[in-house]
Amino acid sequence: MAYIRDIMSKSVITISKDKSGLEAAKLLLERDVSFLVVVEGQNPIGILSEADYVKKIASLDKRPSDVTVSEIMSPKFRWVEPTTTIEDAIQKMLNHKIRRLVVLEGQKLAGVITQTDLVAHLRSKLLIEETVRSEEHTSELQSRLHLVCRLLLEK
Numbered sequence: 350m351a352y353i354r355d356i357m358s359k360s361v362i363t364i365s366k367d368k369s370g371l372e373a374a375k376l377l378l379e380r381d382v383s384f385l386v387v388v389e390g391q392n393p394i395g396i397l398s399e400a401d402y403v404k405k406i407a408s409l410d411k412r413p414s415d416v417t418v419s420e421i422m423s424p425k426f427r428w429v430e431p432t433t434t435i436e437d438a439i440q441k442m443l444n445h446k447i448r449r450l451v452v453l454e455g456q457k458l459a460g461v462i463t464q465t466d467l468v469a470h471l472r473s474k475l476l477i478e479e480t481v482r483s484e485e486h487t488s489e490l491q492s493r494l495h496l497v498c499r500l501l502l503e504k
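Quick note, the sequence shown lines up with residues 350 to 504 if you use the working numbering.
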């Protein structure tokens, strides 16, 4: 059984709730990410996604430099622990129609897990299983071929 700790990203891009929307946008671009974990001190207090930015700044024609991260972040975020199974994390994401989960270990930020991480893990798992099945099938065919050759040689 695989756990979140096995595939989570430990390098989390964070931003202080007091920073401006402009600073958040620059960080999203510089780091080529679609969300930031908003922190107060070392504690996560929200998520700022590209969608939040569009909904709360761009669509309202606000100046990003005049808005703080705390004004545009989503304060309610879903989280899991490193010991959560991947299946449980997937179910949580599906149930809440979300694309990412913050990983907390004893109230402390330990990482993040995204749909992309989960898809990559499941793809890898499927490829490994298919390779094993293919090798088992090849081994079985080789055994049969060996038997046929032996029978032919005996005649």
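The beta-carbon is built from N, C-alpha and C at its ideal position, and this holds for glycine as well.
Per-residue DSSP class, three states only, for residue i
| i | result |
| --- | --- |
| ARG412 | coil |
| VAL361 | coil |
| LYS457 | strand |
| SER419 | helix |
| SER473 | helix |
| GLY395 | strand |
| GLU430 | coil |
| VAL386 | strand |
| ARG449 | strand |
Cα-Cα separation, residue i to residue j
| i | j | result |
| --- | --- | --- |
| LEU453 | TRP428 | 7 Å |
| ARG380 | MET350 | 32 Å |
| ASP367 | LEU475 | 43 Å |
| LEU443 | MET422 | 21 Å |
Inter-residue CB distance, residue i and residue j (contact presumed, cutoff 8 Å)
| i | j | result |
| --- | --- | --- |
| SER369 | PRO424 | Actually they do not touch by this definition, with Cβ atoms about 18 Å apart. |
| ARG449 | THR463 | 5 Å |
| GLU433 | ILE353 | Reading the sequence as shown, one finds Thr at residue 433 and not Glu. Indeed they touch by this definition, with Cβ atoms about 5 Å apart. |
CB of residue i within 7 Å of CB of residue j, strictly
| i | j | result |
| --- | --- | --- |
| VAL346 | VAL386 | One cannot answer for residue 346 here, as it falls past the ends of the chain, which runs 350 to 504. |
| VAL451 | PHE426 | yes |
| LEU397 | ALA374 | no |
| LEU377 | ILE364 | no |
| GLU399 | SER383 | yes |
| ILE439 | LEU467 | yes |
| HIS470 | ILE356 | yes |
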